[in-house]
Amino acid sequence: MRDAPALSDASDHADTTRAGRSMSLGDSLAWLVAIAVTLLFFFPLYWAISTSLRNPADTFTVTGLGIPFVHFKPTLDNFRTELSTPEGFRALRTSLFFSISATVLALGLGMPAAYALARFRFWSNADITVWFLSQRVLPPVATLIPFYIVFRNIGLLDTPYALILVNTTFVLPFVVVIMRQTFLDLPVELEEAALVDGASVFGAFMRVALPLAAPAAAATAMIIFAFTWNEFLFSSSLGITQTKMMPAHMAGAVDTRGVQFWFMATRALIAMIPPVLLALLAQRYIVRGLTLGAVKG
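In structure tokens:
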């Protein structure tokens with residue numbers, strides 16, 4: 021009888037050991053899958069870096085992974101050539117101008133609309149919100165020809181106003197949907213207190229609701245900035261000569277001789293710099309904005 025507890029303890033220890041082994045095996049498999057997925061998504065970036073550092077001849081002769089200093093001698097000539105051409109600077113400046121303009125305009129129009137949908141009762145607030153969201157479901161290519169005809173008839177084709185208006189139209193639903201939920205999560209009592217103290221509805225929106233929703237607005241601004249920055253369809257169709265953005269400029273690496281991979285990789289890396297820097301600078305606000313209202317208690 022005295023050996024029974026000892027046998028029980030030994031059995032429990034064996035079960036714990038087996039559970040630990042199985043858990044370690046599961047963790048190892050999870051880590052392997054995570055590393056494989058990370059490498060899979062990192063490979064295009066590695067390819068762009070490796071290709072941008074090669075001479076044109078090395079682009080077609082180097083085999084394997086193309087590791088710098090191992091398979092070829094790296095050079096910065098592609099970056100020097102790309103940064104010394106006026107087309108590259110114009111495309112980068114155009115993308116910055118259009119993306120910032122469309123972001124500011126979309127926030128200026130979308131946040132009051134989102135606040136109205138969150139605080140006032142219309143005939144069907146949910147249907148109006150779904151209508152805004154449905155604008156993102158509509159394929160942009162379906163509106164390309166109508167936009168082209170309209171802008172040509174009113175004289176806005178190949179002008180900054182055309183691309184700003186088009187990009188604002190397509191990112192506006194994000195602002196309305198995201199910011200509406202943000203305003204719904206804010207305590208309405210703070211705005212009611214401001215109204216009791218004599219503030220107008222617009223004053224309560226500007227002085228109370230908007231500062232509280234600033235982190236979510238920053239996160240929304242980053243999202244719509246990224247969408248505008250990556251826009252290719254309308255940039256290549258409505259921006260004929262003077263208003264080409266970076267995605268359309270990257271596509272210009274294809275000519276009669278074929279694809280100039282070294283220039284395409286270099287332009288891709290240059291195009292990544294502004295969004296990455298902006299995301300790093302606004303990282304704190306993005307995290308706060310994306311988690312705002314996630315936990316209620």
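So the sequence shown is numbered by our numbering: it starts at 21 and just counts up by one. For glycine and all other residues, C-beta sits at the position ideal for the given N, C-alpha and C.
{"Query": "Is it the case that the Cβ atoms of residue 99 and residue 72 are separated by a distance below 8 Å?", "Result": "yes"}
{"Query": "What is the residue span of the alpha helix (DSSP H) that residue 212 lies within?", "Result": "208-216"}
{"Query": "Which class does residue 92 belong to by DSSP, given the choice of helix, strand or coil?", "Result": "strand"}
{"Query": "Just reading off the alpha helix (DSSP H) that residue 249 is part of, what are its end residues?", "Result": "234-249"}
{"Query": "Verify the contact flag: residue 95, CB atom, against every heavy atom of the ligand SAH, threshold strictly below 7 Å.", "Result": "Of ligands this structure carries none, so the ligand SAH is not represented either."}
{"Query": "How would you write the range of the alpha helix (DSSP H) that residue 74 sits in, first residue to last?", "Result": "Neither: residue 74 is in no alpha helix (DSSP H) and is coded neither H nor E."}
{"Query": "Which of helix, strand or coil does DSSP assign to residue 223?", "Result": "helix"}
{"Query": "Does residue 137 pass the burial test, meaning 16 or more other C-beta atoms within 10 Å, or should it be called exposed?", "Result": "buried"}
{"Query": "Put residue 272 into one of helix, strand or coil per three-state DSSP.", "Result": "coil"}
{"Query": "In chain order, what residues of the same chain lie with their CB nearer than 7 Å to the CB of residue 233, ignoring the 5 residues before and after it?", "Result": "199, 202, 203 and 206"}
{"Query": "Is the segment 208-221 touching the segment 286-306, taking contact as three or more C-beta pairs under 8 Å?", "Result": "no"}
{"Query": "Count the CB pairs spanning the segment 110-121 and the segment 245-252 that are closer than 8 Å, and state whether there are at least three.", "Result": "yes"}
{"Query": "Given a threshold of 16 other Cβ atoms within 10 Å of its Cβ, counted over all protein chains shown, does residue 74 qualify as buried or as exposed?", "Result": "buried"}
{"Query": "Classify residue 341 as buried or exposed, calling it buried when 16 or more other Cβ atoms lie within 10 Å of its own Cβ.", "Result": "What is shown of the chain runs 21 to 317, which leaves residue 341 out entirely."}
{"Query": "Where do the N-terminal and C-terminal ends of the alpha helix (DSSP H) with residue 161 fall, by residue?", "Result": "Residue 161 -> no alpha helix (DSSP H), and no H or E assigned at all."}
{"Query": "Could you give the C-beta distance for residue 135 and residue 225, rounded to a whole number, given that I count them as a contact under 8 Å?", "Result": "5 Å"}
{"Query": "Is it right to say residue 81 is buried, meaning 16 or more other beta carbons lie within 10 angstroms of its own, or is it exposed?", "Result": "exposed"}
{"Query": "Would residue 149 and residue 197 be called neighbours here (beta carbons separated by less than 8 Å)?", "Result": "yes"}
{"Query": "For the segment 139-210, which segments carrying the alpha helix (DSSP H) assignment without a break, of at least 4 residues, lie completely within its bounds, in sequence order?", "Result": "145-157, 164-173 and 180-205"}
{"Query": "Pick helix, strand or coil for residue 86, following the three-state DSSP scheme.", "Result": "coil"}
{"Query": "Grab me the residues of residue 244's own chain with a C-beta within less than 6 Å of its C-beta, minus the 5 sequence neighbours each way, in chain order.", "Result": "123, 126, 191 and 194"}
{"Query": "How many Å lie between residue 113 and residue 269 at the Cα?", "Result": "12 Å"}
{"Query": "Could you say if the segment 227-241 and the segment 149-167 meet the contact criterion of at least three C-beta pairs nearer than 8 Å?", "Result": "no"}
{"Query": "Can you tell me where the alpha helix (DSSP H) holding residue 101 begins and where it ends?", "Result": "97-104"}
{"Query": "Let me know the secondary structure DSSP gives residue 263 once reduced to three states.", "Result": "coil"}
{"Query": "Alpha helix (DSSP H) containing residue 254: first to last residue?", "Result": "253-258"}
{"Query": "Specify the secondary structure class of residue 302 as computed by DSSP and reduced to three states.", "Result": "coil"}
{"Query": "Would you mind working out which of 282, 132 and 141 sits nearest residue 97, comparing C-alpha positions?", "Result": "282"}
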